[in-house]
């Protein structure tokens with residue numbers, strides 16, 4: 001275990017309070033949700049089952065957990081209050097893994113699982129189950145058994161994980177786990193329609209959102225249409241707003257409105273705003289979630305935002321300084337700061353002292369050729385989109401420009417990196 005990375009046994013999490021950032025209790029932890037993997041790889045911890053004060057049980061993704069300490073869980077404050085429904089690839093840690101009979105790999109001896117520990121991976125927001133606390137001896141509940149207890153690595157026991165030779169979507173999904181979203185999208189595109197929907201349904205919301213963004217339009221519509229409407233709304237919320245807007249714009253009007261109504265109001269508002277622009281304009285291409293800072297923020301504040309692992313490299317390449325409010329559409333846009341400039345100045349420096357205010361901005365109605373020309377002229381990977389009143393509306397990234405300049409069927413054309421690679425000595 002890396003120094004400073006805490007290990008937590010799940011029995012200590014059962015029933016602990018869950019708070020929002022303001023210190024208000026929203027519920028209690030009733031279970032943990034994990035996804036098993038092929039072989040003896042440690043399972044990923046997807047999230048927590050939280051019972052609200054209304055007795056409704058909801059799913060809280062680990063990406064929305066900011067800390068677990070001192071007998072409490074602190075969240076980002078963003079909760080989806082739809083009732084928790086377990087998916088085929090998911091296992092309830094307290095409900096299904098504890099008290100289970102498994103075997104020690106080294107000796108083949110059967111043991112009973114008393115507890116498992118979870119650990120956050122260094123420098124990432126992912127968690128996994130890493131160790132198992134077991135008791136030797138046959139039968140009986142662990143409270144009555146007198147056998148020896150020991151803690152072992154997850155890989156030291158067998159009887160939990162998926163079988164390598166299984167043919168279900170569960171095993172297929174585990175096989176594809178290490179693929180990048182674009183590569184997994186390419187695999188899904190070439191599966192049968194039935195198989196494609198099975199695998200897509202088994203992916204968690206964030207992973208499915210990433211993959212949908214890389215699929216051809218027909219596949220996107222097919223998969224979204226096969227999901228339950230509540231799940232489809234969750235996946236749309238997890239997508240980048242501009243990609244969600246593009247996908248929704250292809251649906252019949254009544255389907256589009258129904259899904260937008262099911263989405264969280266703030267997420268739906270961003271998508272509706274983007275759908276008001278023509279597709280191949282700066283407004284239609286932009287994301288509404290760039291890094292926005294107030295002028296009294298420091299370089300340290302800016303770098304903390306840039307480090308967010310959920311940001312694409314293009315969005316993390318620069319920050320935009322605006323007067324309040326600092327959510328798009330913002331107050332007056334003041335200027336841009338490039339990531340390299342942030343690295344050259346002391347952490348306490350105010351961002352207002354580092355502004356590049358000479359950089360031209362794009363209007364939301366700017367057509368695609370003008371947007372592409374902007375990137376070519378200024379060697380940028382992201383560009384601010386500002387309205388006539390001077391408010392920042394969002395940012396266009398170079399990958400979205402390329403998506404709309406390539407042939408419409410480019411995603412359906414299989415490509416191999418080595419075909420265009422530089423092969424010295426050939």
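In the UniProt record's numbering, the protein residues as written are 1 to 426. The beta-carbon is built from N, C-alpha and C at its ideal position, and this holds for glycine as well. None of the values given here were measured: they were computed from a predicted structure.
1) Quick check: the Cα distance between residue 249 and residue 157, rounded to an integer number of angstroms?
2) If you draw a straight line from the C-alpha of residue 389 to the C-alpha of residue 230, how long is it?
3) Please determine if the stretch 202-221 and the stretch 236-244 are in contact, where contact requires at least 3 C-beta pairs separated by less than 8 Å.
4) Where residue 108 and residue 35 are concerned, what is the direct C-alpha to C-alpha distance, given to the nearest angstrom?
5) Out of 84, 42, 71 and 55, point me to the one whose CA is closest to residue 61's CA.
6) Rounded to whole angstroms, what's the CA-CA distance from residue 149 to residue 259? Just pull it up for me.
7) CA-CA distance, residue 193 and residue 226?
8) Give me the residue from 209, 359, 87 and 280 with the minimum Cα distance to residue 233.
9) Taking residue 375 as part of the beta strand (DSSP E), name the residues at either end of that continuous run.
10) Please go through the same chain and pick out, in chain order, the residues whose beta-carbon is closer than 6 Å to the beta-carbon of residue 352, but skip the five residues on each side of it.
11) Can you give me the Cβ contacts of residue 365 inside the same chain, cut-off strictly under 8 Å, excluding the 5 residues immediately before and after it?
12) Do residue 357 and residue 334 have their CB atoms nearer than 8 Å?
13) Taking the C-alpha atoms as reference points, what is the distance between residue 25 and residue 52?
14) State buried or exposed for residue 267, treating a residue as buried only when at least 16 other CB atoms are found within 10 Å of its CB.
15) Could you tell me the boundaries of the alpha helix (DSSP H) in which residue 218 lies?
16) For residue 134, is the classification buried or exposed, using 16 other Cβ atoms within 10 angstroms of its Cβ as the cut-off for buried?
17) Would you please state the rounded distance, in angstroms, between the beta carbons of residue 94 and residue 10? I believe it to be under 8 Å.
18) Using a Cβ-Cβ cutoff of less than 7 Å, which residues in the same chain neighbour residue 372 once the five nearest sequence positions on both sides are dropped?
19) Are the stretch 391-401 and the stretch 310-329 touching, with three or more C-beta to C-beta distances below 8 Å?
20) Whose C-beta lies closer than 7 Å to the C-beta of residue 237 among residues of the same chain, with five residues either side of it excluded?
21) Exposed or buried, residue 205, counting other C-beta atoms within 10 Å across all chains shown (16 or more means buried)?
22) Quick check on this structure: which residue in 359, 160 and 288 has the alpha carbon closest to the alpha carbon of residue 116?
23) Cβ of residue 90 within 8 Å of Cβ of residue 32?
24) Which of the three DSSP states is assigned to residue 81 in this structure?
25) Mapping the DSSP letters down to three states, classify residue 234 as helix, strand or coil.
26) Taking the straight line between their C-alpha atoms, what separation do you get for residue 325 and residue 290?
27) Please report how far the alpha carbon of residue 197 lies from the alpha carbon of residue 228, in whole angstroms.
28) Whose CA, out of 368, 235, 122 and 385, lies closest to the CA of residue 288?
29) Please tell me whether residue 49 and residue 18 are closer than 8 Å, where the distance is taken between their beta carbons.
30) Which residues in the same chain have their Cβ closer than 7 Å to the Cβ of residue 64, if we skip the five residues on either side of it in sequence?
Answer, in terms of the structure:
1) Numbered from 1 along the chain shown, position 249 holds the residue referred to as residue 249. Numbered from 1 along the chain shown, position 157 holds the residue referred to as residue 157. If you draw a straight line from the Cα of residue 249 to the Cα of residue 157, it comes to about 49 Å.
2) Residue 389 sits at position 389 when you count from the first residue of the chain shown. Residue 230 sits at position 230 when you count from the first residue of the chain shown. Taking the straight line from one Cα to the other gives about 37 Å.
3) Counting Cβ pairs under 8 Å, three or more are found: they touch.
4) Residue 108 sits at position 108 when you count from the first residue of the chain shown. Residue 35 sits at position 35 when you count from the first residue of the chain shown. Taking the CA atoms as reference points, residue 108 sits about 24 Å from residue 35.
5) Position 61 of the chain shown, counted from the first residue, corresponds to residue 61. Ranking the options by Cα distance to residue 61, first place goes to 84.
6) Looking up residue 149 in the chain shown gives position 149. Looking up residue 259 in the chain shown gives position 259. Residue 149 and residue 259: Cα-Cα distance of roughly 51 Å.
7) For this step, residue 193 is matched to residue 193 along the chain shown. For this step, residue 226 is matched to residue 226 along the chain shown. The straight-line gap from Cα to Cα measures roughly 11 Å.
8) Looking up residue 233 in the chain shown gives position 233. Ranking the options by Cα distance to residue 233, first place goes to 209.
9) If you number the chain shown from 1, residue 375 lands on position 375. In the DSSP assignment, residue 375 falls outside any beta strand (DSSP E) and within the unbroken alpha helix (DSSP H) covering 368-378.
10) The residue given as residue 352 occupies position 352 in the chain shown. Excluding residues within five positions, the ones whose Cβ falls inside 6 Å are 295.
11) Taking the chain shown and counting its residues from 1, the one referred to as residue 365 is at position 365. Apart from the 5 residues on each side of it in sequence, residue 365 sits with its Cβ closer than 8 Å to the Cβ of 277, 278, 281, 282 and 283 in its chain, given in chain order.
12) In the chain shown, the residue the question calls residue 357 occupies position 357. In the chain shown, the residue the question calls residue 334 occupies position 334. Yes; because the gap between Cβ atoms is below 8 Å, this pair is in contact.
13) On the chain shown, residue 25 is found 25 positions in, with the first residue counted as 1. On the chain shown, residue 52 is found 52 positions in, with the first residue counted as 1. Near 9 Å, if we compare the C-alpha coordinates of residue 52 and residue 25.
14) Start at 1 with the first residue of the chain shown, and residue 267 comes out as number 267. That one is buried.
15) Along the chain shown, one-based indexing puts residue 218 at 218. Here the alpha helix (DSSP H) through residue 218 covers 217-226.
16) Translated into the one-based positions of the chain shown, residue 134 becomes position 134. When all chains shown are included, residue 134 counts as buried.
17) Counted from its first residue, the chain shown places residue 94 at position 94. Counted from its first residue, the chain shown places residue 10 at position 10. Contact annotation, residue 94 with residue 10: C-beta distance approximately 6 Å; criterion of less than 8 Å satisfied.
18) On the chain shown, residue 372 is found 372 positions in, with the first residue counted as 1. 401 and 405, listed in sequence order.
19) Verdict: yes, contact present.
20) Against the chain shown, residue 237 aligns to sequence position 237. Closer than 7 Å at Cβ, skipping near neighbours: 263, 264 and 267.
21) Taking the chain shown and counting its residues from 1, one reaches residue 205 at position 205. So residue 205 counts as buried.
22) Locating residue 116 in the chain shown gives position 116, counting from the first residue. When each option's Cα is compared against that of residue 116, the closest is 160.
23) If you number the chain shown from 1, residue 90 lands on position 90. If you number the chain shown from 1, residue 32 lands on position 32. Result no, Cβ atoms of residue 90 and residue 32 do not sit closer than 8 Å.
24) Numbered from its first residue, the chain shown carries residue 81 at position 81. Three-state DSSP puts residue 81 in coil, outside helix and strand.
25) Sequence index remark: in the chain shown, residue 234 carries index 234 (1-based). Shown here, residue 234 sits in a helix according to DSSP, grouped into three states.
26) Locating residue 325 in the chain shown gives position 325, counting from the first residue. Locating residue 290 in the chain shown gives position 290, counting from the first residue. Their Cα atoms are separated by approximately 14 Å.
27) Along the chain shown, read from residue 1 onward, the residue named residue 197 stands at position 197. Along the chain shown, read from residue 1 onward, the residue named residue 228 stands at position 228. One C-alpha to the other measures close to 12 Å.
28) As a first step, residue 288 is located in the chain shown; it is residue number 288 there, counting from the start. That would be 385, whose Cα lies nearest to the Cα of residue 288.
29) Reading the chain shown from its first residue, position 49 is the one you call residue 49. Reading the chain shown from its first residue, position 18 is the one you call residue 18. Cβ atoms of residue 49 and residue 18: not closer than 8 Å.
30) Taking the chain shown and counting its residues from 1, one reaches residue 64 at position 64. Excluding sequence positions up to five before and after residue 64, its CB lies within less than 7 Å of the CB of 75, 76 and 78, all in the same chain and listed in chain order.
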